[in-house]
Structures are given as C-alpha cells and as structure tokens.
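In this note's numbering, the protein residues as written are 532 to 638.
Just so you know, even glycine gets a beta-carbon here, dropped at the ideal spot from N, CA and C.
What follows is a set of notes on a single structure, which appears directly below.
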C-alpha cells in the first residue's frame, strides 16, 4: 500500500499582507528601541541632563505594544523573548551611551 502526500502551500494575499505588516512592526519597534537607547547622546547635545524615566516608559510600552501586534505570528514564549529582548537591548544601549557621556565629561 503506497500513500501519496501532496501538500500545496499557496498563500493568499491576506496572509502575505499580515506577514508584511508584522515584519514592518517588528523592524520599526526594534529601530525605535535602538534609537531610545541612544537618547542620552542626543540629550547631551541639547545641553540637558540625561533622564531615564521617559525613555524607560516609552521603551516598555513599545516592547509590549509590538508584542501585542505580533501575537498571531509568534508563540507566547516568542513574544516574551521579544519583549525581554527589546527591553534588555534598550537598557544596555542606554547604559553604554550614558557611560560614554560620563567618561567624556569627566575627561
């Protein structure tokens, strides 16, 4: 007895549109988090003391909002890792740019 498996993988335009939209949301949210991590450098050029409250709040809400938008594409573990990854990347960039500013100001 032989069995033949045939699978057709044809994507509808709606599925392609959803994948494109989630890709754009993913890229934009990562780009925004990266820019927020480098915010102390921009604040230093404006002669303001760097603040952590506003960028932290924005980075948290960007990570969670992009996770909500991407919930159909990834599993809950993937979404948790996405949110955790965005917040940790923001925090590491923020701390490194702030440390660089303090090093330059002290020198």
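Simplified DSSP assignment, three categories, for residue i
| i | result |
| --- | --- |
| residue 578 | coil |
| residue 604 | coil |
| residue 569 | coil |
C-alpha distance - residue i paired with residue j, whole-angstrom precision
| i | j | result |
| --- | --- | --- |
| residue 569 | residue 603 | 30 Å |
| residue 590 | residue 600 | 15 Å |
| residue 612 | residue 622 | 15 Å |
| residue 617 | residue 634 | 26 Å |
| residue 581 | residue 596 | 25 Å |
| residue 585 | residue 552 | 27 Å |
| residue 560 | residue 624 | 15 Å |
| residue 555 | residue 575 | 30 Å |
| residue 607 | residue 565 | 23 Å |
| residue 550 | residue 605 | 11 Å |
| residue 609 | residue 594 | 13 Å |
Boundaries (first-last residue) of the alpha helix (DSSP H) holding residue i
| i | result |
| --- | --- |
| residue 585 | 584-600 |
| residue 615 | 607-637 |
Cutoff 8 Å; reference residue i; Cβ partners in own chain excluding five residues on either side
| i | result |
| --- | --- |
| residue 577 | none |
| residue 588 | none |
Cβ-heavy atom distance, residue i to the ligand GDP, below 6 Å
| i | result |
| --- | --- |
| residue 584 | Although the ligand GDP was asked about, the structure shown includes no ligands whatsoever. |
Nonlocal neighbours in the same chain, by C-beta distance under 7 Å from residue i, ignoring five residues either side
| i | result |
| --- | --- |
| residue 567 | 586, 589, 590, 621 |
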